[in-house]
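Taking it in order: structure first as structure tokens, then the write-up.
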Amino acid sequence: PAFQQWQEWQSGKVPKPKASQAEIDMSTRPKPAWSTSAPPPLTALADLASTGDGSEASVEAPSELVTVLGEDGCGGDAELAYDCLCQVRAACFHKEQTELVRAKLLPGLVSAMSRHIDQEGVQTVACEVIALLAGCGEALEQKIYDAGALTACLAACKAHPSSEDVLGTSFEAIRLICASEEDDFASGLNPYGDPAAWARKKGAVEEGALEVVFQGMARMVELHREVGNCKWVHDAGMLTVGGLTKGRDENGHARRARARALLRKSIKS
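Under full-length UniProt numbering, think of the first position of the sequence shown as 1, with each following residue one higher.
Rendered as structure tokens:
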């Protein structure tokens, strides 16, 4: 997915890669029919409607975007919520994650996902935003989890069980929300473990995250007949399962046993 590639080259560790098929698909993904109608009254959002993915549009200040989104997720206006979230995503690519969270983006983001649960476009972009926030390296994972973003991602998967976009982006978001320093064994940042991340993983599994991921992967195979045709979703799902089951905490063994049982069940079916 695009945000993974962005994180790699933005850190300076590796050269900027050529556009992958996943990035091309993300940038050219068609918007819902209602998003091509009259744009919201913000200049940047109007620019967004003309550029498609917001990559060339000016980006509003985080505080203004949060004001537009509001605590109620733009109320019942799905069009405004979608376009505002696209601008939030663009702001994340400009390294505004910390400023967005500081401006109290999370309540409005989660509310938008809840209010517009039937809108595939809103759910997809919202999950992309959550993944960009959680994966920015600014230790925002706990705040994102506490705001209910993980629960919102699971709800998105359940509401759109056949959507490749929603499943793939939500799997990535869940994995990054629950990520811990020990997941990167090469870093050696925290040899004693990450109790806060263990608690997030435990909470995610208790909410049924493993079941949702396995069901989503099985549904994609059912629709596409083979894993190769939905590889990015399957890869995201397996990475998420791996992340949720890592940990030296007391509950780690139970999470791994649960995942093994689900894997055996999926193979039999």
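Each residue gets a CB set at the ideal place from its N, CA and C atoms; glycine is no exception.
Three-state secondary structure (DSSP) of A261: helix
Boundaries of the alpha helix (DSSP H) in which G137 is found, first to last residue: No alpha helix (DSSP H) holds G137; DSSP gives it neither H nor E.
Distance between beta carbons of L244 and G178, contact taken as under 8 Å: In the sequence as displayed, the identity of residue 178 is Cys instead of Gly. Right, the Cβ-Cβ distance comes to about 6 Å (below 8 Å), so this counts as a contact.
Counted within 10 angstroms of its Cβ, other Cβ atoms place S170 as buried (16 or more) or exposed: buried
Distance CB(V166)-CB(A152) smaller than 9 Å: no
DSSP three-state assignment for S163, whether helix, strand or coil: coil
Per-residue burial, I267 [other beta carbons within 10 Å of its own, 16 or more giving buried]: exposed
R258 versus V233, A197, A126 and K202, residue with shortest Cα-Cα distance: K202
Local conformation of H253 per DSSP, three classes: helix
Rounded separation between A197 and S180 - CA only: 5 Å
Distance between R115 and D72 (C-alpha atoms, nearest Å): 8 Å
CB of R200 within 9 Å of CB of E128, strictly: no
DSSP three-state assignment for S180, whether helix, strand or coil: coil
Backbone CA spacing between V205 and M220 [nearest angstrom]: 21 Å
Supposed contact pair L85 and V125 - C-beta distance, whole angstroms, cut 8 Å: 4 Å
Nearest-angstrom Cα separation, counted from E99 out to G75: 23 Å
Whole runs of the alpha helix (DSSP H) within the stretch 70 to 151, excluding any shorter than 4 residues: 78 to 93, 97 to 102, 105 to 115, 120 to 134 and 141 to 146
Separation of A254 from E120, as counted between CA atoms: 33 Å
Through-space distance from L176 to R225, alpha-carbon basis: 28 Å
L45 classed as buried or exposed, judged by whether at least 16 other C-beta atoms fall within 10 angstroms: Its pLDDT being 39, under 50, L45 is placed unreliably by the model, and nothing is read from it.
Three-state secondary structure assigned by DSSP to K246: coil
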